[in-house]
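Here the structure comes first, spelled out in structure tokens, and everything after it is commentary.
There are 2 protein chains.
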Amino acid sequence: MRSPIYLTGTGQTRFGEHWDMSIKDLMEEAIDSAIESAQCTALDIDMVVVANMLGEVASDQAHLGAMAASLLPHHPPALRAEAACASGSVALHTACALLESGKAETVLVIGVEKMTDISPAKIAAGLMGAADAEKDAPSGLTFPGIFGLIASRYMHEFNLTREQLNLVSARHHENAMSNPFAQFRKEIPAEAISMSPKVADPLCMLDCSPISDGAAAVILSTKKENPIRIAASQLATDTLSITDRPTITSFAATKDAMAAALEEAGINQSDIDHLELHDCFSIAALISLEDMGFANPGEGISLYEKKGKMTINQSGGLKACGHPVAATGIKQIIDISKQMKRSGRTYGLAHNFGGAAATCGVHILSHA
Amino acid sequence: MRSPIYLTGTGQTRFGEHWDMSIKDLMEEAIDSAIESAQCTALDIDMVVVANMLGEVASDQAHLGAMAASLLPHHPPALRAEAACASGSVALHTACALLESGKAETVLVIGVEKMTDISPAKIAAGLMGAADAEKDAPSGLTFPGIFGLIASRYMHEFNLTREQLNLVSARHHENAMSNPFAQFRKEIPAEAISMSPKVADPLCMLDCSPISDGAAAVILSTKKENPIRIAASQLATDTLSITDRPTITSFAATKDAMAAALEEAGINQSDIDHLELHDCFSIAALISLEDMGFANPGEGISLYEKKGKMTINQSGGLKACGHPVAATGIKQIIDISKQMKRSGRTYGLAHNFGGAAATCGVHILSHA
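Those protein sequences? They're chains A and B, same order as listed. Here the first sequence stands for residues 144 to 511, where the numbers follow the working numbering. Here the second sequence stands for residues 144 to 511, where the numbers follow the working numbering.
So this is what it looks like as structure tokens:
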């Protein structure tokens, strides 16, 4: 970071099924809430970055930057950033660049997704836009299928049992009990995970994050100081298609983004107190823990078998909070900041990826 | 500009109907051509920004940042930026911020659109995503209809005749004769414009830019010097819906972006030697000339009635070059740079908007 970037405001809708709210309504609620929490007024916002993946598919709506700017009295310059489920992270990274370049002093970043208005089949097809339409889609695979293949291979390579994998979603559901913004605030015993309907062998329904509506907004500023600031913002990219990779049980983009983020923040992974990671499917949580260096390959499950000093998806993660895809990366920042305020601890990390981690964003927050 | 940003490479496909090329093929051709023209190799590219509007609608493809990065051997960090037909401009602005912030030293910016694979009705519906899906779309209007209303009102307010309006598209077609990348290299006499089929009264088919496939790429660098550099990059936003505005014969976003760009470059509009403006419909060219201060309100047509020292859409503009929407803002930069190299003159300006100018980007290039 060339200049310190402070997190001065946060706001979100509850994640879930909002039948009575449009994409604009969702944005409005999150923006109002972020401005109310910030040490600024709407007029202090110099620029807006909107993260969104499915506006065209589910709401016939592109051009969401201008829509968000229309909700502010002075219509500041705005744009939409997209990288599938990592849209939140690329929007945050863009906002950091706008701030560090001096183009803006206060930037509103809002992630929004409206997914429940169209059929699950159409949403699954839209989400498949995160993979390669020429190389991956023709096989008939959707994302549960891709991660089903990944889980099969991982269980074969590392002798992970189905009972062990159950621990991931069970922990996330347990954590969500105390999060009022979570879509599912319901404890689910570990053995119930693998008893839920099979979606893509070996993954069951309760291994998968749900389809959700929601919006999450943060206000970042170089002008107003705040105890919580962005210590690192890094993106990395891998091949769009998993068919072009040497392995599917490890994601190069996570490794690259993590290494760059730790270097930027000047810390080690053992310094992280709170982690929000991208558990779009239960298996993704384990692979991500390993790729980030929190566990050796094949040993990610150990962090679910017993709790360590670092909290993992205390919010409930994508599984239990819900996963309005482009809002997720922003929501992670909000949750990390809340966790640091509550615990008084210093470093939180948000890990967010798109597709099969073709894009990965890692953001580190520090608490003075 | 905090640090000078140089235009070190440019490349594009011909704009037109590329039945045999996918969105990936189009990107590949433009990227290869930009790298070949640049004083760098693919490995020098630190980041990629992709401008695209209609990937989901026309190609079932989101996540185009990762797709572009997949075409480079080292998969640099990448994201997609979107603001409807101003996607090219917001991508350029994002790239400038990445460069000025120090996050990157060399950025590839590529605009791409694949529009001819689906029916005109579906493309028209997709393009309507640039307007407000709640306020504008329910009326049944599409963009030719919106600009038909704007043209009607303009002709009423300023007594512009249909014969005068013919001069705009006729000039753009004349200019495209010398542009090998233009979709239509065919001179069209002024009187033929208003004899073409009526699309949305008073606009005829030849007042409208076409549906096009195409890609355009530039390489921007703070590291490698080049005689041509970015002197200003500015965005402005207006209400997404035209129903929320005090007038429809002038676009506030153009005025705001232009004023900010002239201030950033430290010049007056009379210093501009070459102009590429956003003539999505003929009437838009006149309004834009007035909003940019090149003519008084109602007098934009005077710049088509006789030629001045400043060239206007020498490339052929959107009308004759074609308008693969997100590629247009990048293609304008390529054309401006070619014009400055040929003429040896100093300042060129690219004006690009999305929707009914809900987002406007103005970029000024200078030639040392």
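Glycine included, each C-beta is placed from N, C-alpha and C at the ideal position. In this text the structure is predicted, and so the values were computed from the model without any measurement.
- Task: Give a yes or no on whether 8 Å exceeds the smallest Cβ distance from Pro219 (chain A) to chain B.
- Result: Counting from one through the first sequence, the residue named residue 219 (chain A) turns up at place 76. True, the Cβ-Cβ gap to chain B drops below 8 Å.
- Asp356 (chain A) bridges to which residues according to DSSP? Translated into positions along the first sequence, residue 356 (chain A) becomes position 213. Answer is A:Gly159.
- Taking all protein chains shown into account, do 16 or more other C-beta atoms lie within 10 angstroms of the C-beta of Asp344 (chain B), making it buried, or fewer, making it exposed? Taking the first residue of the second sequence as 1, we reach residue 344 (chain B) at position 201. That one is exposed.
- Could you pull the start and end residues of the alpha helix (DSSP H) that Lys257 (chain B) belongs to? The residue labelled residue 257 (chain B) in the question sits at position 114 within the second sequence. Counting along the chain, Lys257 (chain B) falls outside any alpha helix (DSSP H), and DSSP gives it neither H nor E.
- Message: On the DSSP letters alone, give me the boundaries of the beta strand (DSSP E) that Gln377 (chain A) sits inside.
- Response: Within the first sequence, numbered from 1, the residue matching residue 377 (chain A) stands at position 234. From DSSP, the beta strand (DSSP E) with Gln377 (chain A) extends over 371-380.
- Mind checking Glu172 (chain A): buried by the 16 CB within 10 Å criterion, or exposed? Taking the first sequence and counting its residues from 1, the one referred to as residue 172 (chain A) is at position 29. Buried, since its Cβ has 16 or more Cβ neighbours within 10 Å.
- Message: At a CB distance below 8 Å, what residues from the region 265-286 of chain A approach chain B? Give them in sequence order.
- Response: Ala268, Gly269, Met271, Gly272, Ala273, Ala274, Asp275, Ala276, Glu277, Ala280
- Along the region 363-397 of chain B, what residues have a CB closer than 9 Å to any CB found in chain A? Ser376, Gln377, Leu378, Ala379, Thr380, Asp381, Thr382, Leu383, Ser384, Asp387, Ala395, Ala396
- Could you tell me the distance, in whole angstroms, from the CA atom of Thr392 (chain A) to the CA atom of Ile430 (chain A)? What you label residue 392 (chain A) is simply residue 249 of the first sequence in a count that begins at 1. What you label residue 430 (chain A) is simply residue 287 of the first sequence in a count that begins at 1. Roughly 7 Å between the two C-alpha positions.
- Is the shortest distance between the beta-carbon of Glu300 (chain A) and the beta-carbons of chain B less than 8 Å? The count along the first sequence starts at 1 and reaches residue 300 (chain A) at position 157. Taking Cβ atoms only, chain B never reaches closer than 8 Å to Glu300 (chain A), which makes this a no.
- Spatial distance of Leu150 (chain B) from Thr471 (chain B) (CA atoms): For the purposes of this step, residue 150 (chain B) is taken as the residue at position 7 of the second sequence. For the purposes of this step, residue 471 (chain B) is taken as the residue at position 328 of the second sequence. Rounded to the nearest angstrom, the two C-alpha atoms are 17 Å apart.
- Message: For His218 (chain B), which residues in the same chain have their Cβ closer than 7 Å to its Cβ, ignoring the five residues on either side in sequence?
- Response: The count along the second sequence starts at 1 and reaches residue 218 (chain B) at position 75. Once the five neighbours on either side are set aside, the close Cβ partners of His218 (chain B) are Ala212.
- Anything in chain A within Cβ reach of Gly208 (chain B), meaning under 8 Å, just list it in chain order. One-based indexing of the second sequence puts residue 208 (chain B) at position 65. Correct list: Glu225, Ala226, Val233, Thr380, Thr502.
- Item | Where the alpha helix (DSSP H) containing His299 (chain B) begins and where it ends | The residue given as residue 299 (chain B) occupies position 156 in the second sequence. Residues 286-301.
- May I have a chain-ordered list of the beta strand (DSSP E) segments no shorter than 3 residues that lie completely inside the region 212-282 of chain B? 221-225, 249-256
- Query: Around the Cβ of Ser352 (chain A), are there at least 16 other Cβ atoms within 10 angstroms (buried) or fewer (exposed)?
  - Reply: The residue given as residue 352 (chain A) occupies position 209 in the first sequence. Counting Cβ neighbours within 10 Å, Ser352 (chain A) comes out buried, since at least 16 surround it.
- In three-state terms, what does DSSP make of Ala201 (chain B)? In the second sequence, residue 201 (chain B) corresponds to position 58, counting from 1. If DSSP states are grouped into helix, strand and coil, Ala201 (chain B) belongs with the helices.
- Counting only the same chain and skipping the five closest in sequence on each side, list residues whose C-beta sits under 6 Å from that of Ile289 (chain B). Taking the second sequence and counting its residues from 1, one reaches residue 289 (chain B) at position 146. So the qualifying residues of the chain are Ala499.
- Query: Got a sec: is the Cβ-Cβ distance from Gln204 (chain B) to anything in chain A below 8 Å?
  - Reply: Here residue 204 (chain B) refers to the residue found at position 61 when the second sequence is read from its first residue. With 8 Å as the cut-off, Gln204 (chain B) counts as an interface residue toward chain A.
- CB contact below 8 Å: Val200 (chain A) versus chain B: Here residue 200 (chain A) corresponds to residue number 57 of the first sequence, with the count starting at 1. Interface residue, yes.
- Let me know the secondary structure DSSP gives Ser509 (chain A) once reduced to three states. The residue you call residue 509 (chain A) lines up with position 366 of the first sequence. Three-state result, Ser509 (chain A): strand.
- Taking Gly497 (chain A) as part of the beta strand (DSSP E), name the residues at either end of that continuous run. Here the question's residue 497 (chain A) lines up with position 354 in the first sequence. First-last of the beta strand (DSSP E) with Gly497 (chain A): 490-497.
- Message: Using a 10 Å radius around the Cβ and a threshold of 16 neighbouring Cβ atoms, would you call Leu186 (chain A) buried or exposed?
- Response: Here the question's residue 186 (chain A) lines up with position 43 in the first sequence. With fewer than 16 Cβ atoms within 10 Å of its Cβ, Leu186 (chain A) is classed as exposed.
- 9 Å Cβ cut-off: residues of chain A touching Ser165 (chain B): Taking the second sequence and counting its residues from 1, one reaches residue 165 (chain B) at position 22. Chain A residues near Ser165 (chain B): Ala276, Glu277.
- CB contact flag (Leu109 (chain A), Ala501 (chain A), <8 Å): This structure does not reach residue 109 (chain A), given that chain A is present from 144 up to 511, and the question cannot be answered.
- Query: Between the C-alpha atoms of Leu508 (chain A) and Ser480 (chain A), what's the straight-line distance to the nearest angstrom?
  - Reply: Translated into the one-based positions of the first sequence, residue 508 (chain A) becomes position 365. Translated into the one-based positions of the first sequence, residue 480 (chain A) becomes position 337. Computed Cα separation, rounded: 7 Å.
- Chain-ordered chain A contacts of Glu406 (chain B) [CB-CB under 7 Å]: In the second sequence, counting from the first residue as 1, residue 406 (chain B) sits at position 263. Result: empty, since nearest Cβ-Cβ is about 13 Å, beyond 7 Å.
- Task: Alpha carbon to alpha carbon, how far is Asp416 (chain B) from Lys452 (chain B)? Give it in angstroms, no decimals.
- Result: In the second sequence, the residue the question calls residue 452 (chain B) occupies position 309. In the second sequence, the residue the question calls residue 416 (chain B) occupies position 273. Whole-angstrom Cα-Cα distance: 7 Å.
- Query: What beta strand (DSSP E) runs, 3 residues minimum, are completely inside the region 417-470 of chain B?
  - Reply: 417-419
- Item | At least 3 beta-carbon pairs within less than 8 Å: the region 444-464 of chain B vs the region 179-194 of chain B | no
- Rounded C-beta distance between His140 (chain A) and Ala463 (chain A)? I'm assuming under 8 Å. The question about residue 140 (chain A) has no answer, for chain A in this structure spans 144 to 511.
- Message: Give me the DSSP bridge partner(s) of Gly154 (chain A).
- Response: Indexing the first sequence from 1 puts residue 154 (chain A) at position 11. Answer by DSSP bridge pairing, in chain order: A:Ala360.
- Given Phe424 (chain A) as reference, the closest of A:Thr390, A:His506, A:Lys398, A:His466 once Cα atoms are compared: Here residue 424 (chain A) corresponds to residue number 281 of the first sequence, with the count starting at 1. When each option's Cα is compared against that of Phe424 (chain A), the closest is A:His466.
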